[in-house]
Amino acid sequence: MSQPVQPPQRLVQIEPLNKPAASSAASETPAIEIPKFTDAWVYRTKTRITFRKIASFFYARHSYGAARRWVLSSFLPDRILYRWKPYQRGGCNRCGLCCKLTFRCSFFVENEHTTACMIYTTKHATPPCVVFPIDPIDLREVQREIAPAPCPFYFEGQPEHPTTWGAVKAELRHALGKRVDKLKEAFDF
Ligand code: SF4
Ligand code: SF4
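Take the sequence shown: its position 42, counted from the start at 1, is 41 in numbering that gives the first Met the number 0, and no numbers get skipped.
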């Protein structure tokens with residue numbers, strides 16, 4: 000059984016695609032202005048995005064990959080959801096292409112230097128965006144959609160239970176085993 004993996008405490012720090020040379024005085028990540036927003040605006044926008052996503056099932060293959068990520072990030076316990084994180088390598092180059100698949104996300108902002116998500120580091124951050132990439136299937140799906148541009152994440156090695164179903168079954172077996180042990184203890188057999 001693999002060790003339980005703690006979810007990341009901080010969101011991944013992503014670097015701009017066209018970051019200047021380190022020796023340059025301007026080697027800091029170029030600033031990007033995030034428009035001010037209210038909670039009510041975020042809720043309204045998320046509702047609108049949900050309807051657009053549902054409609055996109057009729058014309059965009061990516062909608063199925065996005066739905067898979069939403070389901071997994073919403074319902075899996077952390078020890079299953081984050082089991083690939085210790086094997087995750089590479090990083091986001093902040094190209095922003097995954098925020099423009101199917102349609103341009105209303106929370107996406109960009110200027111000539113860099114891109115940003117208005118809500119990624121706030122309480123409104125959407126789990127499917129924060130947990131990406133969940134596993135190789137998730138990563139391959141986005142890489143296929145943005146190709147030939149690269150999404151530089153990759154995995155090195157794999158967890159004890161690479162498939163989601165395998166990990167769920169192992170978790171269920173583990174939980175069942177614990178119950179049986181308790182029953183044995185209680186009835187002394
Ligand atoms: S496609 Fe990959 S590299 Fe580009 S913004 Fe999304 S996660 Fe980052
Ligand atoms: S990371 Fe932010 S901008 Fe990109 S798709 Fe997710 S919510 Fe939208």
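Note that beta-carbon positions come from the ideal geometry of N, C-alpha and C, so glycine has one too.
query                                                                                                                                                      : result
Please report the straight-line C-alpha distance between residue 173 and residue 85, rounded to a whole angstrom.                                          : 21 Å
Taking residue 107 as part of the alpha helix (DSSP H), name the residues at either end of that continuous run.                                            : Taken as a continuous stretch (DSSP letters only), residue 107 belongs to no alpha helix (DSSP H), being part of the beta strand (DSSP E) at 107-109.
Is the separation between the beta-carbon of residue 154 and that of residue 68 shorter than 8 Å?                                                          : no
Determine the extent of the beta strand (DSSP E) in which residue 115 is found, giving its start and end residues.                                         : 114-116
Compare the beta carbon distance of residue 101 and residue 55 with 8 Å and say whether it is the shorter of the two.                                      : yes
Does residue 131 come out as helix, strand or coil in the three-state DSSP assignment?                                                                     : coil
According to DSSP, is residue 157 helix, strand or coil?                                                                                                   : coil
Can you give the Cα-Cα distance for residue 110 and residue 157, rounded to whole angstroms?                                                               : 37 Å
Which stretch, first to last residue, makes up the alpha helix (DSSP H) that contains residue 63?                                                          : 61-74
Using only CA atoms, which one of 107, 87, 129 lies nearest to residue 94?                                                                                 : 107
Within its chain, find whatever has a CB closer than 8 Å to the CB of residue 171; leave out the 5 residues flanking it on each side and keep chain order. : none
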